[in-house]
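Residue numbers (the working numbering): 431 to 667.
Note that the Cβ used here is the ideal one computed from N, Cα and C, for glycine as well.
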Amino acid sequence: LEKKVINGIPWKALMVDTKLQSNIDIQENHLLNVMIKIWNETIKLCHLEQASKILRWCAYDTDFAPNKSDKRFKLWVSKGITDYNSLVHKGAFQSFDNLKRKHGLDTDDFFRYLQVRSYFNKNIDMHSINQGFFHTFLSIIKSMSPSKIVSKLYKSILGCEVESTYYVKEKWEREGGFVITEEGWEHICEIQWATTGSNVWREFCWKNIMRFFITPAQKKYQGTSDACWRCNSEGAN
Numbered sequence: 431l432e433k434k435v436i437n438g439i440p441w442k443a444l445m446v447d448t449k450l451q452s453n454i455d456i457q458e459n460h461l462l463n464v465m466i467k468i469w470n471e472t473i474k475l476c477h478l479e480q481a482s483k484i485l486r487w488c489a490y491d492t493d494f495a496p497n498k499s500d501k502r503f504k505l506w507v508s509k510g511i512t513d514y515n516s517l518v519h520k521g522a523f524q525s526f527d528n529l530k531r532k533h534g535l536d537t538d539d540f541f542r543y544l545q546v547r548s549y550f551n552k553n554i555d556m557h558s559i560n561q562g563f564f565h566t567f568l569s570i571i572k573s574m575s576p577s578k579i580v581s582k583l584y585k586s587i588l589g590c591e592v593e594s595t596y597y598v599k600e601k602w603e604r605e606g607g608f609v610i611t612e613e614g615w616e617h618i619c620e621i622q623w624a625t626t627g628s629n630v631w632r633e634f635c636w637k638n639i640m641r642f643f644i645t646p647a648q649k650k651y652q653g654t655s656d657a658c659w660r661c662n663s664e665g666a667n
């Protein structure tokens with residue numbers, strides 16, 4: 431499937447470029463259509479429209495103007511230069527000498543190299559790539575024998591969701607100086623609903639976990655007293 435070509439365009443290049451997808455009819459291929467739909471939904475869910483550009487192929491990228499008039503970029507594919515990620519090593523764009531040595535580029539490819547590097551520096555943010563779902567995804571495709579693929583991707587996607595509470599878990603860990611396992615955090619969240627049938631108490635417990643109650647540290651909400659309503663300590667945080 432990874433080597434599949436549709437209308438002269440590699441499947442992997444097509445999957446990551448919505449403009450390419452709009453120019454090609456793939457409705458008849460149900461499997462590919464479903465895979466593209468799932469990928470696009472994941473990118474949208476995790477807000478990775480910009481970061482995902484690193485997986486575009488410079489030979490087919492619809493936003494990279496030089497490839498429309500210069501067919502030489504398609505020859506790079508046969509030399510192993512596919513997506514922009516193939517031009518990156520240890521988080522940095524490789525030098526022309528390195529690419530020339532590794533992929534057999536010619537000296538007259540130098541100007542094309544400068545075009546690609548300029549586009550890369552303007553449009554691809556390496557910081558957003560080295561975290562969250564995309565960091566997990568790239569580490570999997572780079573690994574020779576990845577394990578727990580589905581589990582890792584699923585947890586990364588959950589962390590992207592607006593409704594995810596993992597950011598609250600991280601705040602508790604940061605403030606308390608301890609580590610809460612994912613299983614432990616799920617148990618903490620679930621127990622609020624399992625220990626009582628009262629929606630009032632469920633809401634009360636949930637607000638406690640979410641740090642809903644205002645403490646004296648937020649001075650604009652304080653009254654005349656500096657005492658914490660929970661422990662009665664002065665200046666409590």
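Tell me the DSSP secondary structure of residue i in three-state form.
{"i": "threonine 625", "result": "coil"}
{"i": "histidine 477", "result": "coil"}
{"i": "isoleucine 610", "result": "coil"}
{"i": "valine 435", "result": "strand"}
{"i": "valine 446", "result": "coil"}
{"i": "phenylalanine 523", "result": "strand"}
{"i": "aspartate 493", "result": "coil"}
{"i": "proline 440", "result": "strand"}
By the 10 Å Cβ neighbour count, where 16 or more other Cβ atoms means buried, how is residue i classified, buried or exposed?
{"i": "glutamine 451", "result": "buried"}
{"i": "aspartate 379", "result": "As shown, the chain starts at 431 and ends at 667. That puts residue 379 outside it, with no answer to give."}
{"i": "arginine 402", "result": "The structure shown does not extend to residue 402, since the chain is modelled only from 431 through 667, so no value can be given for it."}
{"i": "tyrosine 490", "result": "buried"}
{"i": "valine 609", "result": "exposed"}
{"i": "aspartate 527", "result": "exposed"}
{"i": "isoleucine 579", "result": "exposed"}
{"i": "lysine 599", "result": "buried"}
{"i": "threonine 611", "result": "exposed"}
Where residue i and residue j are concerned, what is the direct C-alpha to C-alpha distance, given to the nearest angstrom?
{"i": "leucine 517", "j": "isoleucine 618", "result": "44 Å"}
{"i": "glutamate 613", "j": "arginine 531", "result": "48 Å"}
{"i": "isoleucine 484", "j": "valine 630", "result": "48 Å"}
{"i": "serine 581", "j": "isoleucine 587", "result": "10 Å"}
{"i": "glutamine 524", "j": "tyrosine 543", "result": "10 Å"}
{"i": "leucine 535", "j": "tryptophan 506", "result": "8 Å"}
{"i": "threonine 492", "j": "alanine 624", "result": "52 Å"}
{"i": "isoleucine 639", "j": "lysine 504", "result": "54 Å"}
{"i": "isoleucine 456", "j": "lysine 474", "result": "20 Å"}
{"i": "lysine 509", "j": "tryptophan 615", "result": "48 Å"}
{"i": "lysine 637", "j": "glutamine 545", "result": "53 Å"}
{"i": "serine 548", "j": "phenylalanine 541", "result": "11 Å"}
{"i": "phenylalanine 643", "j": "histidine 533", "result": "With a pLDDT of only 48 at phenylalanine 643, under the threshold of 50, the placement of this residue in the model should not be trusted; the figure read from the coordinates follows. Whole-angstrom Cα-Cα distance: 59 Å."}
Go through its chain and collect everything with a Cβ distance to residue i's Cβ below 8 Å, but skip five positions before and after it.
{"i": "asparagine 437", "result": "Ile454"}
{"i": "isoleucine 554", "result": "Gln480, Ala481, Lys483, Ile484, Tyr514"}
{"i": "isoleucine 468", "result": "none"}
{"i": "phenylalanine 567", "result": "Leu583, Ser586"}
Note down, in chain order, each residue of its chain lying with its Cβ closer than 6 Å to the Cβ of residue i, except the 5 sequence neighbours on either side.
{"i": "phenylalanine 564", "result": "Leu478, Ala481"}
{"i": "cysteine 635", "result": "Gln622"}
{"i": "proline 496", "result": "Gln545"}
Can at least three beta-carbon pairs, one atom from the stretch 483 to 499 and one from the stretch 463 to 473, be found at a separation below 8 Å?
no
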